[in-house]
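**Student:** Okay, so the sequence shown: first residue is 1 according to this note's numbering, each after it adds one. Note that CB positions come from ideal geometry on N, CA and C, so glycine has one too. These numbers were taken from a predicted model, which means no experiment stands behind them. Submitted below is the structure of interest, expressed as structure tokens.
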Amino acid sequence: MPDQLVELYEQVAAQVAELDSTLKEILASAGGERARRARTQWDELVALVVRQKEVLDEIGLRTRELASLSAFLQTHYEREKARLARELHDELGGILTPAKMDLSWLEAHLSGDTQYRERMSRLSALIDQGIDLKRRIIEDLRPSLLDHLGLAAAVQWFVDAKCGAAKLESCVTVSKLERLSPDLEIALYRIVQESVNNAVRHSKATRIEITVERTEAGVRLCIHDNGVGIADLERARNQSHGLVGMTHRMRAINGTLDISSRSGEGTSVEAFLPLAA
């Protein structure tokens with residue numbers, strides 16, 4: 001529920017409460033059937049205002065509970081992905097790497113007809129594909145650069161790889177940025193990932209610009225493309241799981257997300273994470 005709506009309703013409720021005692025005094029001194037009906041209607045109005053305030057309070061409570069649950073699920077989801085990435089690296093890597101080494105030994109020490117060597121060569125290529133697939137899955141689950149070198153390096157690597165594969169121009173600008181907590185870094189990284197993926201898939205853009213800026217108030221993240229834009233942004237906000245997910249992800253870390261777009265003028269996604277200087 002928008003905070004402005006709650007504030008407006010509280011102002012109305014306060015004004016009704018202020019008028020309540022005054023009108024009751026006036027109506028009490030008046031006689032007749034009309035005064036009695038007026039008192040009854042006024043009491044019903046006051047009761048309605050009180051009930052609506054109770055409903056608003058209940059909605060606010062449930063909204064906060066859902067926000068807390070969303071934050072918990074986001075954190076749990078990312079930690080499970082990190083755990084799965086580690087297991088894939090250790091378990092699957094522990095199978096593929098020795099297999100590749102043994103096959104290389106066989107290729108070096110076994111002499112035989114061409115058919116054997118061709119089969120070993122194909123098997124070697126398949127193992128290489130498996131190793132590459134494992135690496136890509138792990139990086140998608142939890143980018144290793146994010147853990148080892150931080151947000152700036154991970155964003156640069158992802159944008160270069162994604163835009164390079166899609167043959168799009170890209171520009172990444174990152175101001176001096178200290179290391180953040182893992183939960184904050186992965187949340188901001190996912191915003192970049194989702195925004196760039198959307199631009200590559202849907203925007204028909206030729207250029208994507210990403211800015212990560214440390215300000216006195218926090219971290220500002222902006223992703224802009226020069227694509228076709230979003231014709232019905234309000235509908236997209238409500239129906240696109242990706243846009244809704246980004247909004248919830250930023251709320252979970254007490255941040256904000258703003259999306260602006262016009263048909264034919266590209267799309268900008270701006271996230272802000274408040275941090276102490």
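1) Quick one: grab the DSSP three-state call for residue 210.
2) Out of 257, 89, 253, 263, which has the shortest C-alpha to C-alpha gap to residue 181?
3) Which whole runs of the alpha helix (DSSP H) in the region 141 to 191 are 4 residues long or more, in chain order?
4) When DSSP labels each residue in this structure, what does residue 63 get in the three-state scheme?
5) Kindly give me the distance between the Cβ atoms of residue 245 and residue 272, rounded to whole angstroms, as I take these residues to be in contact under 8 Å.
6) Kindly examine the ligand COA and report whether one of its heavy atoms sits closer than 6 Å to the Cβ of residue 66.
7) From the DSSP output, which residues share a beta bridge with residue 270?
8) How about residue 230 and residue 210: are their beta carbons less than 7 Å apart?
9) Spatial neighbours of residue 286 within its chain, please: CB distance less than 6 Å, with the 5 preceding and 5 following residues excluded, ordered by chain position.
10) Among 41, 155, 184, which residue has its Cα nearest to the Cα of residue 170?
11) Taking one C-beta from the region 121 to 136 and one from the region 149 to 169 each time, how about it: are there three or more such pairs within less than 8 Å?
12) Measuring alpha carbon to alpha carbon, tell me which residue in 141, 199, 220 is nearest residue 265.
13) Taking the straight line between their C-alpha atoms, what separation do you get for residue 99 and residue 83?
14) Taking the CB atoms as reference points, tell me whether residue 184 and residue 221 lie closer together than 7 Å.
15) Here's a check: name, in chain order, each residue in its chain whose Cβ is nearer than 6 Å to the Cβ of residue 248, leaving out the five neighbours to either side.
16) Identify, in the order they occur along the chain, each residue of the same chain with its Cβ nearer than 6 Å to the Cβ of residue 263, setting aside the five sequence neighbours on each side.
17) So residue 102 is in the alpha helix (DSSP H); what residue range does that whole segment cover?
**Tutor:** So, from the listed chains and residues:
1) strand
2) 253
3) 144 to 148, 151 to 166
4) helix
5) 17 Å between Cβ atoms; not a contact.
6) The ligand COA is not part of the structure shown, which contains no ligands of any sort.
7) 222, 258
8) no
9) Residue numbering for the chain in the displayed model covers 1 to 277; residue 286 lies beyond these limits and cannot be assessed.
10) 155
11) no
12) 199
13) 24 Å
14) no
15) 70
16) 229, 231
17) 93 to 109
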